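In what follows, a structure is listed as structure tokens, so that the remarks can point back to it.
In my numbering, the protein residues as written are 20 to 328.
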């Protein structure tokens with residue numbers, strides 16, 4: 020067993036980290052252990068196939084293998100792949116570790132992934148979440164993820180205050196229960212990044228079909244709205260976040276097409292009726308003032324009047 024610092028030093032003795040790939044390696048074992056606890060690696064009740072993206076020196080890889088789950092690692096850097104093949108030669112031979120050299124955003128992932136646990140390059144955070152969302156829509160995809168993100172990005176996902184609310188928060192929350200974990204200082208990495216980091220956990224869910232939401236809509240005689248509508252109106256509103264939503268939603272969002280059941284000529288009438296049902300002040304709100312429940316109920320009202328008119 021190596022410490023995370025030993026693994027980083029071993030790699031960096033013959034290798035220079037690549038800034039273009041966002042390589043900052045964890046050298047604090049307490050952080051590695053914390054990720055393992057947050058990912059519930061000790062839970063052996065279900066057979067798990069864990070994907071790690073960006074293996075680096077292999078400190079997190081070593082922790083994942085410690086619990087006898089199957090691990091699939093995707094690494095874009097050829098020299099790091101060579102390092103991993105040397106350090107984990109036995110695990111690769113026994114198929115406990117499957118190493119794939121390539122770009123995780125471009126290649127097809129193996130089937131049956133149950134978890135994704137990774138200290139990812141921060142520049143791929145948003146496109147990676149987009150890819151995971153698309154995979155989940157196909158019926159595949161993980162049920163749990165634990166990531167190391169840039170602190171600012173993590174706060175935008177969780178929207179811990181109204182200032183951080185945005186389309187990323189809406190889109191992520193529909194499919195995942197997101198929890199902020201520990202804040203990580205630059206000193207826990209080698210080389211040190213210039214910003215703080217944050218560990219974030221994701222647990223798969225279908226927010227629109229949770230008891231809380233179904234009961235809310237039922238109490239108002241509304242049906243569950245289409246997630247496309249929620250994403251479209253929230254994205255359009257946050258693109259002009261200083262404006263009141265009655266102004267940004269005066270015209271039908273471009274993401275809503277006739278083929279989706281939305282008629283531009285009817286939009287203003289539909290949305291005005293939905294505003295009235297939400298209360299007198301609702302149309303004067305700015306997007307960051309709305310909760311997830313507000314966006315869902317408002318979308319359900321739009322759906323109701325779309326079908327009525």
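The beta-carbon is built from N, C-alpha and C at its ideal position, and this holds for glycine as well. Fair warning: this is a prediction, and the values are worked out from it, not measured in the lab.
Query raised in the report: Can you give the Cα-Cα distance for residue 222 and residue 191, rounded to whole angstroms?
Result: 11 angstroms
Query raised in the report: When DSSP builds the beta bridges, which residues end up paired with residue 94?
Result: 120
**Report entry** Residue of 174, 200, 154 and 91 minimising C-alpha distance to residue 111
**Finding:** 91
Query raised in the report: Measuring CB to CB, does residue 55 end up less than 7 angstroms from residue 82?
Result: yes
Report task. Please check the pair residue 2 and residue 257, which I expect to be a contact at CB under 8 angstroms, by giving their CB distance rounded to whole angstroms. Result -> The chain is shown from 20 up to 328; residue 2 falls before or after that span and cannot be answered.
Requested in this report: Tell me where the beta strand (DSSP E) around residue 70 begins and ends.
Outcome: 68-72
Query raised in the report: Using a Cβ-Cβ cut-off of 6 angstroms (strictly less than) and excluding sequence neighbours within five positions of residue 198, which residues of its own chain qualify?
Result: 220
Query - Whether residue 122 touches residue 69 by CB criterion (7 angstroms) - result: no
Report task. Give the secondary structure of residue 137 by DSSP, where H, G and I count as helix, E and B as strand, and everything else as coil. Result -> strand
Requested in this report: Would you mind working out which of 181, 175, 167 and 194 sits nearest residue 153, comparing C-alpha positions?
Outcome: 194
Query raised in the report: alpha helix (DSSP H) containing residue 214: first to last residue?
Result: Careful: residue 214 lies outside any alpha helix (DSSP H) and carries neither H nor E.
**Report entry** Residues of its chain near residue 174, where Cβ-Cβ distance is below 6 angstroms and the 5 sequence neighbours each way are ignored
**Finding:** 183
Query raised in the report: Unbroken alpha helix (DSSP H) runs of length 4 or more, entirely within the stretch 242-320: which are they?
Result: 246-257, 264-267 and 283-297
**Report entry** Simplified DSSP assignment, three categories, for residue 59
**Finding:** coil
Requested in this report: Would you list the residues sitting across from residue 164 in a DSSP beta bridge?
Outcome: 135 and 221
Report task. Could you tell me if residue 163 is buried or exposed, where buried requires 16 or more neighbouring beta carbons within 10 angstroms of its beta carbon? Result -> buried
Requested in this report: Measure from the alpha carbon of residue 273 to the alpha carbon of each residue in 288, 262, 289 and 250, then state which is nearest.
Outcome: 250
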